[in-house]
Amino acid sequence: MAPLIALVDCNNFYVSCERLFRPDLIGKPVVVLSNGDGCIVSRSQEVKDLGIKMGVPVYQVRHLIKQHHIQLFSSHYSLYGDLSARVMSVLEEFAPSLEVYSIDEAFLDLTGVCLKDPMAYGQEIRSIVRRNTGIPVCVGMGPTKTLAKLANFAAKRWPRTGGVLDLSDLVRREKLMRIVPVSEVWGIGSRIAARLSQLGIHTVWDLARQPAERMQEQFSITVARTVLELNGIPCLELEAIAPDKQQIVCSRSFSRRLTEYRELSEALAEFASRAAEKLRSQQSVAGHLSVFIRTNPFNPQEPQYQRSAGVRLNSATQDTRMIVSEAHRLLKALFRAGYRYQKCGVQLSHIQPATTPGQLDLFAMTAPGWQTDSPALMQAMDRINRRFPRGIAVAAVGFDKAWQSKVERLSQRYTTDWRELLRVRCG
Amino acid sequence: MDQLLTHACPTDRWRPARTPRRVPLPLLAGKVAAGFPSPADDYIEKTLDLNELLIKKPAATFFVRAEGESMLGAGIHPNDILIVDRSLEPADGKVVICALNGALTVKRLQRRARQWVLAAENPLYADIALNEGLELVIWGVVTNVIHPL
């Protein structure tokens, strides 16, 4: 039985989420902005047709926004998370195994499920997801994940496909591969594409015909696996459980430039707390912490300062207090007065499962009564924060949060707050 | 005490305790008391759960709030919460949410003399006949109304 993997992905996901509750915006140009309302992270087709690219800062296209009455929305993650969960829940009913790849994409293992007519099955998936959740999706299918991804790209790019494409058939596969540039292949970034181009490899077809061993020698095993996958030989399995993160980063840009040590230290404490929370949620401890601070590199008029520093933690920990206090020690060493900081962040690495016995630190005990590591306290804190979101934190986080990003165009909490339900007219 | 807290911490970081969501648990009558089994032990069934009664397809179910009086005849009052299931087939006689000229509206879908009509349930409001030209998108089918008395 030939393997069949499908990649289902939502069209312009954040915009589609907003439009579900605003049918008056269908056919109108709409964008969703990044954290801090700075850049465009999702565009409707009408905006794409205006030539506005992904990731563009808002100020650069202000004139187009005004001219075409482009509607702006701030990122509304609780809404997108809710709708994503609904989409995944609907998809689960179509396949025995599903891998949630990102907030708006999932791989489905359809091997043996729709032997008679895979394209019709793909159309049914599209239709049911659209009807039940309101979110439009495209379906790409093939014997491997890489081919499923390629099929999905084509289904989305060429509406004549009807939003579903199956690359199991070799003739259809070759036809498509000859017209798609190699940079569109999953796992081939612009740098590798440039190097491939120097070797005369421009299209996906060119790449697929390369001997895998040669690609491994000249590039990496990843590229070799990609070549095999393009030829229908599966090398990547569906991962039902997301692997633990090996590095946890938490950072944000600030809504206004920060100049005071106190402000930076509060922001850093918040990021360190969040990172520690993520660490605990995957039952891990971290052995290394690094901190970075920087001014705005895109403003050449301003004096520039970018520094980072890291420290090996004496005993691997998941305790917020330890992580925050180490982060502050690093900040003290990095901070220089007289600069206007735009961003800071925390990175936890050397991550291992919490039960692995680590190196004991003879000097771990500090102030009397303050145990270095207290899992019970951290657990209590996490339980409280799950019930009352952002309920408690270490004092270092501060209260007024001057650094927090502005969110001026958030839509209603249609699916998470009784007071903000969608209103419908009986009239 | 609440006032002390609000004064000390001017942000919303301190909030009064919210009522926890009740998780229905079966009442195990006999276990704690005398030490001998209760005749009811073998008959414990699961308790009644509103989610189970009202929400058949959670992924496709949305809550919306009604405004206006055109559906009073259907038992929908202003400010009621409507439970909407997007997975149901819109059929003759169903109360539906539909997008009319971009605005979401509640109507009863009816088939009259081989024509689809969007009917109000209040004599003061007109019915809308669906002709070839009119584009109609059904947002979902209303299955229940929550009306506080």
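Residue numbers (my numbering), protein chains in the order written: chain A, 1 to 427; chain B, 1001 to 1149.
Where is the CB? At the ideal position from N, CA and C, for every residue including glycine.
Residue i versus the options, residue with shortest Cα-Cα distance
i, options, result
"M177/A", "P159/A, L147/A, V394/A", "L147/A"
"G425/A", "A1066/B, A1059/B, A1040/B", "As written in the sequence, residue 425/A is Arg, which differs from the Gly given in the question. Out of A1066/B, A1059/B, A1040/B, A1066/B has the C-alpha closest to the C-alpha of R425/A."
"S220/A", "V291/A, L196/A, N231/A", "L196/A"
"R157/A", "V180/A, E99/A, F298/A", "V180/A"
"E92/A", "N152/A, S16/A, A6/A, E18/A", "A6/A"
"Y305/A", "A337/A, A208/A, M119/A", "A337/A"
"L98/A", "V8/A, Q123/A, D49/A", "V8/A"
"L50/A", "S78/A, N299/A, H69/A", "H69/A"
"E124/A", "A95/A, K149/A, A333/A", "A95/A"
"T1152/B", "L165/A, S84/A, G140/A, P23/A", "Within the shown structure, residues of chain B are numbered from 1001 to 1149, placing residue 1152/B beyond reach of any answer."
"K1107/B", "E1121/B, A1113/B, W1116/B, Q1115/B", "E1121/B"
"G428/A", "W418/A, F254/A, M141/A", "Outside the shown range of chain A, which is 1 to 427, sits residue 428/A, and nothing can be said about it."
"A434/A", "R409/A, T226/A, L258/A", "No answer is possible for residue 434/A: it lies beyond the span of chain A, which begins at 1 and ends at 427."
"L331/A", "V139/A, Y339/A, V291/A", "V291/A"
"A1126/B", "T1061/B, P1058/B, M1071/B", "M1071/B"
"R209/A", "L236/A, W186/A, E174/A", "E174/A"
"Q246/A", "P297/A, V285/A, R214/A", "V285/A"
"V90/A", "T1061/B, L1109/B, I1146/B, V1095/B", "T1061/B"
"L1100/B", "L1088/B, V1117/B, D1085/B, A1113/B", "V1117/B"
"L83/A", "Q60/A, V41/A, R131/A", "R131/A"
"N299/A", "M322/A, Y261/A, Q342/A", "Q342/A"
"V113/A", "I135/A, M141/A, V137/A", "M141/A"
"L1145/B", "G1068/B, A1059/B, N1079/B, P1039/B", "The sequence given here places Val at residue 1145/B; Leu does not occur at that position. The option with the nearest alpha carbon to V1145/B is N1079/B."
"K1056/B", "Q1110/B, H1147/B, T1143/B", "T1143/B"
"G122/A", "A106/A, G163/A, E263/A, V100/A", "G163/A"
Close-in-space but distant-in-sequence residues of the same chain around residue i (CB under 6 Å, 5 per side omitted)
i, result
"A275/A", "I248, C250, V346, L348"
"V407/A", "S74"
"A212/A", "A224, V227, L228"
"L422/A", "F21, Y414"
"D154/A", "For the record, residue 154/A in the displayed sequence is Ala; it is not Asp. Here the set comprises L165, L176."
"A327/A", "L268, A272, V291, V346"
"V61/A", "I52"
Cutoff 8 Å; reference residue i; Cβ partners in own chain excluding five residues on either side
i, result
"H288/A", "G310, V311, R312, L313, L348, S349, H350"
"L236/A", "T144, K145, T146, R225, E229"
"W1139/B", "V1084, R1086, V1096, I1097, C1098, A1099, L1104"
7 Å CB neighbourhood of residue i in its chain, flanking five on each side removed
i, result
"L1136/B", "C1098, L1130"
"P3/A", "T111, P143, P234"
"M378/A", "R280, Q318, D319, T320"
"Q283/A", "P353, A354"
"Q301/A", "none"
"R86/A", "T133"
Closer than 7 Å, Cβ to any Cβ of chain A: which residues of the segment 1097-1124 of chain B, in chain order?
I1097, A1099, G1102, A1103, L1104, T1105, V1106
Does the segment 166-174 of chain A come within contact of the segment 24-34 of chain A, defined as at least 3 CB pairs closer than 8 Å?
no
Residues of the segment 1063-1079 of chain B with Cβ closer than 7 Å to any Cβ of chain A, in chain order
F1063, V1064, R1065, A1066, E1067, G1068, E1069, S1070, M1071, I1076
Can you list, in chain order, the residues of the segment 125-148 of chain A whose Cβ is nearer than 9 Å to any Cβ on chain B?
I128, R131, N132, T133, G134
Using a Cβ-Cβ cut-off of less than 9 Å, give me the residues of the segment 28-47 of chain A that come near chain B, in sequence order.
none
Counting only Cβ-Cβ distances shorter than 7 Å, please list the residues of the segment 61-83 of chain A near chain B, keeping chain order.
none
Whole alpha helix (DSSP H) elements within the segment 306-357 of chain A, 4-residue minimum
320-334
Which residue spans inside the segment 144-180 of chain A form an unbroken beta strand (DSSP E) run of at least 3?
164-166
Three-pair Cβ contact test at 8 Å for the segment 59-69 of chain A versus the segment 196-212 of chain A:
no
Is the segment 70-81 of chain A in contact with the segment 412-423 of chain A, if contact means three or more CB pairs nearer than 8 Å?
yes
Assess contact between the segment 33-47 of chain A and the segment 8-17 of chain A, defined as three or more Cβ pairs (one per stretch) separated by less than 8 Å. Is contact present?
yes
Which parts of the segment 41-98 of chain A are runs of the alpha helix (DSSP H), unbroken and 4 residues or longer, counting only runs that do not cross its ends?
45-49, 62-67, 77-92
Would you list, in chain order, the members of the segment 96-113 of chain A that have their beta-carbon closer than 8 Å to a beta-carbon of chain B?
none
Beta carbons nearer than 9 Å to chain B: which residues of the segment 256-290 of chain A have them?
none
At a CB distance below 9 Å, what residues from the segment 10-29 of chain A approach chain B? Give them in sequence order.
L20, F21, R22, P23, D24, L25, I26
Enumerate, from N- to C-terminal direction, the unbroken beta strand (DSSP E) stretches of 3 or more residues contained entirely within the segment 252-305 of chain A.
284-295
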